[in-house]
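Note sheet for the following structure.
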Amino acid sequence: MPFRSPRRYTGHIMQNLESLLQNVQDGIGNAIRGIPRAIMLAVVGFFVLAIAIALLNRPVGQNDPAVVQVTIDAASTQQAQFAPTFAAQLTSTPPELRLTQAAPTIALGGRFFMRQFAAGAVATSEISPLDWGAVQAIGEPDTEECGDFRTAWATEVPTQSATITLYYAQIVTPTGIVVYQSFNPGFVTRVETIDVFGEVRSAYESTPAAFPTCPYGLVIPILNADYDTAVVRVFINQAASTGGWNQIDAVELIGIRR
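With numbering that gives the first Met the number 0 applied, the sequence shown covers 0 to 257.
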């Protein structure tokens, strides 16, 4: 599935985002190439299911409905047993994520690989509740170019340290985070997730330093996560900034929804 990042963040971010998805796709491909004979029986199950459905559509009197239903149940059970090994297929964006305009998801045997932007946000510092407020980090990036614009979150003082906590509509097993910075990028020092039990999980740490590319999407891979989350917290330290605020336009959470 091609990623659809905002044009102003294309380039470096596209390669990094695609690598996240490629890791998932490679895992699926390896699994398919190594399918044992038992799995192949699942394929037969699909055909049995199709035949059973076709039988139901034949004229009344030629089939015993009870027998046909048993056949369907058996085929469905066999199909579900091996579903995780089959290739991914595209599915529509869940209705509850339309508010954040998430990209389409990919179904992986009952699980959904998905991207979503924050539905809510709270910061320890902001210039105002609306302009340059934490609410500006909700949803997709909407700051059109690099610069000091009210459509991105900014701290009250341009040299202070602060955090912004973002909340998402769907709980997922995280595979990556993207922090979209629209002004003076490079001063994000830590990114963490908070799992469903309240435990803090570190995803990224760095020394603050000005980054030459602006706007800039900081792509953070999360490998082999064994927990679920719908909360991301971003720390910034602007003490060394000489160009003003490090402004955050949006934060994207990428993961697997079970």
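All C-beta atoms in this analysis are idealised placements derived from N, C-alpha and C, irrespective of residue type, glycine included.
All values derive from a computational prediction rather than experimental measurement.
DSSP three-state assignment for residue 96, whether helix, strand or coil: Along the sequence shown, one-based indexing puts residue 96 at 97. Legend: pLDDT at residue 96 = 36, less than 50; position of this residue unreliable, value from coordinates given subsequently. The answer is helix: DSSP assigns residue 96 an H, G or I state.
Exposure of residue 270, with buried meaning 16 or more beta-carbon neighbours within 10 Å: The structure shown does not extend to residue 270, since the chain is modelled only from 0 through 257, so no value can be given for it.
Beta carbon proximity, residue 193 to chain D, threshold 7 Å: The structure shown contains no chain D; it holds only a single protein chain.
Where residue 8 sits in the DSSP three-state scheme: Position 9 of the sequence shown, counted from the first residue, corresponds to residue 8. Of the three classes helix, strand and coil, the one that applies to residue 8 here is helix, per DSSP.
Collapsed DSSP secondary structure at residue 258 in the structure displayed: Lying before the first or after the last residue shown, residue 258 is absent from the chain, which here runs from 0 to 257.
7 Å CB neighbourhood of residue 145 in its chain, flanking five on each side removed: Counting from 1 along the sequence shown, the entry for residue 145 is found at position 146. Hits under 7 Å: 181, 182, 213 and 214.
Residue(s) in a DSSP beta bridge with residue 235: Here residue 235 refers to the residue found at position 236 of the sequence shown. Paired residue(s): 161 and 187.
Nearest residue (CA-CA) to residue 249, options 123, 167 and 200: Residue mapping note: residue 249 aligns to position 250 of the sequence shown, counting from 1. In this structure, 167 is the residue among 123, 167 and 200 with its C-alpha nearest to the C-alpha of residue 249.
Residue burial classification, residue 114 (beta-carbon count within 10 angstroms, cutoff 16): Taking the sequence shown and counting its residues from 1, the one referred to as residue 114 is at position 115. Buried.
DSSP state of residue 249 mapped onto helix, strand, coil: As a first step, residue 249 must be located in the sequence shown, where it is residue number 250. Residue state, collapsed to three classes: strand.
Residue 119 to residue 159 span [Cα, whole Å]: Indexing the sequence shown from 1 puts residue 119 at position 120. Indexing the sequence shown from 1 puts residue 159 at position 160. Looking at the two C-alpha atoms, the distance is approximately 23 Å.
Three CB pairs or more closer than 8 Å across the stretch 188 to 196 and the stretch 234 to 243: yes
Environment of residue 39 [buried if 16+ CB atoms lie within 10 Å]: Taking the sequence shown and counting its residues from 1, one reaches residue 39 at position 40. With a pLDDT of 48 at residue 39, under the threshold of 50, the modelled position of this residue cannot be trusted, and the question is left open.
Extent of the continuous beta strand (DSSP E) run through residue 220: In the sequence shown, the residue the question calls residue 220 occupies position 221. Note, residue 220: beta strand (DSSP E), 215 to 220.
Residue 115, enclosing beta strand (DSSP E) - first and last residue: Working through the sequence shown from its first residue, we reach residue 115 at position 116. Here the beta strand (DSSP E) through residue 115 covers 110 to 116.
Per DSSP, the bridge partner or partners of residue 194: Counted from its first residue, the sequence shown places residue 194 at position 195. The partner list for residue 194 (beta bridge, DSSP) reads 228.
Nearest-angstrom Cα separation, counted from residue 211 out to residue 169: In the sequence shown, residue 169 corresponds to position 170, counting from 1. In the sequence shown, residue 211 corresponds to position 212, counting from 1. Their Cα atoms are separated by approximately 34 Å.
Beta-carbon proximity list for residue 227, same chain, < 7 Å, skipping 5 on both sides: Reading the sequence shown from its first residue, position 228 is the one you call residue 227. Closer than 7 Å at Cβ, skipping near neighbours: 170, 171, 172, 194 and 195.
Inter-stretch contact at 8 Å, needing at least 3 Cβ pairs: the stretch 147 to 156 / the stretch 127 to 134: Using a C-beta cut-off of 8 Å, the stretch 147 to 156 makes contact with the stretch 127 to 134, since at least three inter-stretch Cβ pairs fall below that distance.
Three-way DSSP call (helix, strand, coil) for residue 133 in this model: Within the sequence shown, residue 133 is the residue found at index 134, counting from 1. In the structure shown, residue 133 sits in a helix (DSSP, three-state: H, G or I).
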